[in-house]
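Notes to accompany the following structure.
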Amino acid sequence: MNSVLIEKKDGIAIITLNRPEKMNALTRDMLRALQQILEQCAADSALRAVYLTGSGRGFCAGQDVTDFDNTESLNFDQLLAEYYDPVVTALRSIELPVVCAVNGVAAGAGANIALCCDIVVAAESASFIQAFSRIGLIPDSGGTYWLPRLVGLQKAAALMMLGEKLSAAEAERCGMIYRVFPDNIFAGASLQLAATLAALPTRALALTKKALQSSMHNSLEEQLHTEAQLQQAAGQTADFREGVSAFKEKRQPVFIGR
Ligand code: T3D
6 MNSVLIEKKD
16 GIAIITLNRP
26 EKMNALTRDM
36 LRALQQILEQ
46 CAADSALRAV
56 YLTGSGRGFC
66 AGQDVTDFDN
76 TESLNFDQLL
86 AEYYDPVVTA
96 LRSIELPVVC
106 AVNGVAAGAG
116 ANIALCCDIV
126 VAAESASFIQ
136 AFSRIGLIPD
146 SGGTYWLPRL
156 VGLQKAAALM
166 MLGEKLSAAE
176 AERCGMIYRV
186 FPDNIFAGAS
196 LQLAATLAAL
206 PTRALALTKK
216 ALQSSMHNSL
226 EEQLHTEAQL
236 QQAAGQTADF
246 REGVSAFKEK
256 RQPVFIGR
């Protein structure tokens, strides 16, 4: 059975972490598979959105802790560079909106992979745990980059040092995620969000993603310059022409993603 599933439907790449009996804890094979799937998605011009979720009752429990058998000889530098960091980089650099649908608990690297996606939604029963301190590690997979930017330094420090479980409702309240959906409508509502994004002007969304990423380190002056450059690119798309025509003709635009 594949530990990461991919299905392409209506312009959406639905990627499912699939090791439900272990809460989708990540093995090296899974991380490699995820990297390869994201590379394929980036190269597929028919895609308009990515939807990442987990199978079973968890989203992802982070690194499979049973792989840490010989703790003395682990080379984290190499493990992160080879397995985790490429996943984070791929999710950030893919020129498609990425919805992360957190269907259950997201712990350790599982939580941080979720947080680096563009729009994170969660089922009401889901939760987030920066589990690293519980086993004597530090947060990785970009967690120390995203979490303080999302919730502020104080809250990030407390969540990461204490390793406490945060409910989906609290994660929404503090700005860690976009939205919580009741469990009974979560699958449909989160996929509908991806479908909505897939019908929008894909190039403009990709350029928006790029602009937001730059804003993390730019000065205002630099960011204004970046916006001007990216707007110039958006203005060259067929979707921009369609958006303006549709407005003038008082009809709904039909975007083609180019
Ligand atoms: O470079 C590197 O490699 C380092 C990178 C590190 C990144 C990290 O992610 S470090 C953090 C690793 N993650 C954790 O420490 C989380 C460990 N898991 C938990 O705390 C809990 O399992 C959960 C809070 C996620 C879920 O709790 P619960 O009570 O809902 O479920 P459970 O019964 O604990 O788990 C169900 C099964 O999944 C169970 O297996 P079993 O006993 O039925 O055969 C459990 O052992 C397994 N499982 C859950 N998490 C992991 C796991 N197996 C391996 N690794 C896990 N991380």
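For my numbering, add 5 to where a residue sits in the sequence shown, where the first one is 1. Backbone N, C-alpha and C define an ideal beta-carbon position, used for all residues, glycine too. For clarity, every value in this text was computed on a predicted model and none was experimentally measured.
What do you reckon, are the CB atoms on A106 and V126 nearer than 8 Å?
The count along the sequence shown starts at 1 and reaches residue 106 at position 101. The count along the sequence shown starts at 1 and reaches residue 126 at position 121. Yes. Within cutoff.
Please determine whether the Cβ atom of T71 lies at a distance below 7 Å from any heavy atom of the ligand T3D. Locating residue 71 in the sequence shown gives position 66, where the first residue counts as 1. Flag set: Cβ of T71 near the ligand T3D.
So, P206 versus F260, is the Cβ gap smaller than 8 Å? As a first step, residue 206 must be located in the sequence shown, where it is residue number 201. As a first step, residue 260 must be located in the sequence shown, where it is residue number 255. Cβ atoms of P206 and F260: closer than 8 Å.
Query raised in the report: Can A30 be considered in contact with the ligand T3D, in the sense that its beta carbon sits closer than 7 Å to one or more heavy atoms?
Result: Along the sequence shown, read from residue 1 onward, the residue named residue 30 stands at position 25. Yes.
*asked:* Less than 7 Å separating the Cβ of A66 from some heavy atom of the ligand T3D?
replied: Against the sequence shown, residue 66 aligns to sequence position 61. At least one heavy atom of the ligand T3D is nearer than 7 Å to the Cβ of A66, so yes.
Can we count G113 as close to the ligand T3D, meaning its CB is less than 7 Å from some heavy atom? Counting from 1 along the sequence shown, the entry for residue 113 is found at position 108. True, at least one ligand heavy atom lies under 7 Å from that Cβ.
Next on the checklist: Given the structure, does D188 come close to the ligand T3D, in the sense that its CB is under 7 Å from one of the ligand's heavy atoms?
Outcome noted: As a working note, residue 188 is residue 183 in the sequence shown. Checking the Cβ of D188 against the ligand T3D gives no.
| request: For the alpha helix (DSSP H) containing V92, list its first residue and its last residue. | output: Numbered from 1 along the sequence shown, position 87 holds the residue referred to as residue 92. Start and end: 90-98.
- Out of E169, N108, F245, G16, point me to the one whose CA is closest to A51's CA. For this step, residue 51 is matched to residue 46 along the sequence shown. Of the listed residues, the one whose Cα sits closest to A51 is G16.
> Can you name, in chain order, every residue of its own chain whose Cβ lies under 8 Å from the Cβ of N7, other than the five neighbours on each side?
Replying inline: In the sequence shown, residue 7 corresponds to position 2, counting from 1. Excluding positions up to five away in sequence, the list reads N23, A38.
Within a Cβ cutoff of 6 Å, which residues of the same chain sit near A128, ignoring the five residues on either side of it in sequence? To locate residue 128, count along the sequence shown from 1; it is residue 123. Same-chain partners within the cutoff: N108, D188, F191.
Own chain, CB closer than 6 Å to T58, minus 5 neighbours either side, in chain order = Position 53 of the sequence shown, counting from 1, holds the residue named residue 58. The answer, listed in chain order, is T21, A106, N108.
Whole-angstrom C-beta distance between A238 and L212, which should lie under 8 Å | Within the sequence shown, residue 212 is the residue found at index 207, counting from 1. Within the sequence shown, residue 238 is the residue found at index 233, counting from 1. Contact flag correct, Cβ pair sits at about 6 Å.
### Task
Quick one: residues in its chain with C-beta nearer than 7 Å to the C-beta of A216, no 5 flanking neighbours on either side, listed in chain order?
The sequence position of residue 216 within the sequence shown is 211, counting from 1. Within the same chain, A216 has close Cβ partners T231, E232, L235.
*Whole alpha helix (DSSP H) runs in the region 169-257 with 4 or more residues, listed along the chain?*
173-178, 188-203, 207-220, 225-239, 243-253
- Query: For the candidate residues R246, M28, L43, F245, whose alpha-carbon lies nearest to that of C122?
  - Reply: Sequence index remark: in the sequence shown, residue 122 carries index 117 (1-based). Of R246, M28, L43, F245, the residue nearest in Cα terms is L43.
Check: How many angstroms separate the CA atom of V156 from the CA atom of L167?
Finding: Residue numbering aside, residue 156 sits at position 151 when the sequence shown is read from its first letter. Residue numbering aside, residue 167 sits at position 162 when the sequence shown is read from its first letter. Going from the Cα of V156 to the Cα of L167 covers about 15 Å.
> For N117, is the classification buried or exposed, using 16 other Cβ atoms within 10 angstroms of its Cβ as the cut-off for buried?
Replying inline: Here residue 117 refers to the residue found at position 112 of the sequence shown. The residue in question, N117, is buried, as its Cβ has 16 or more Cβ neighbours within 10 Å.
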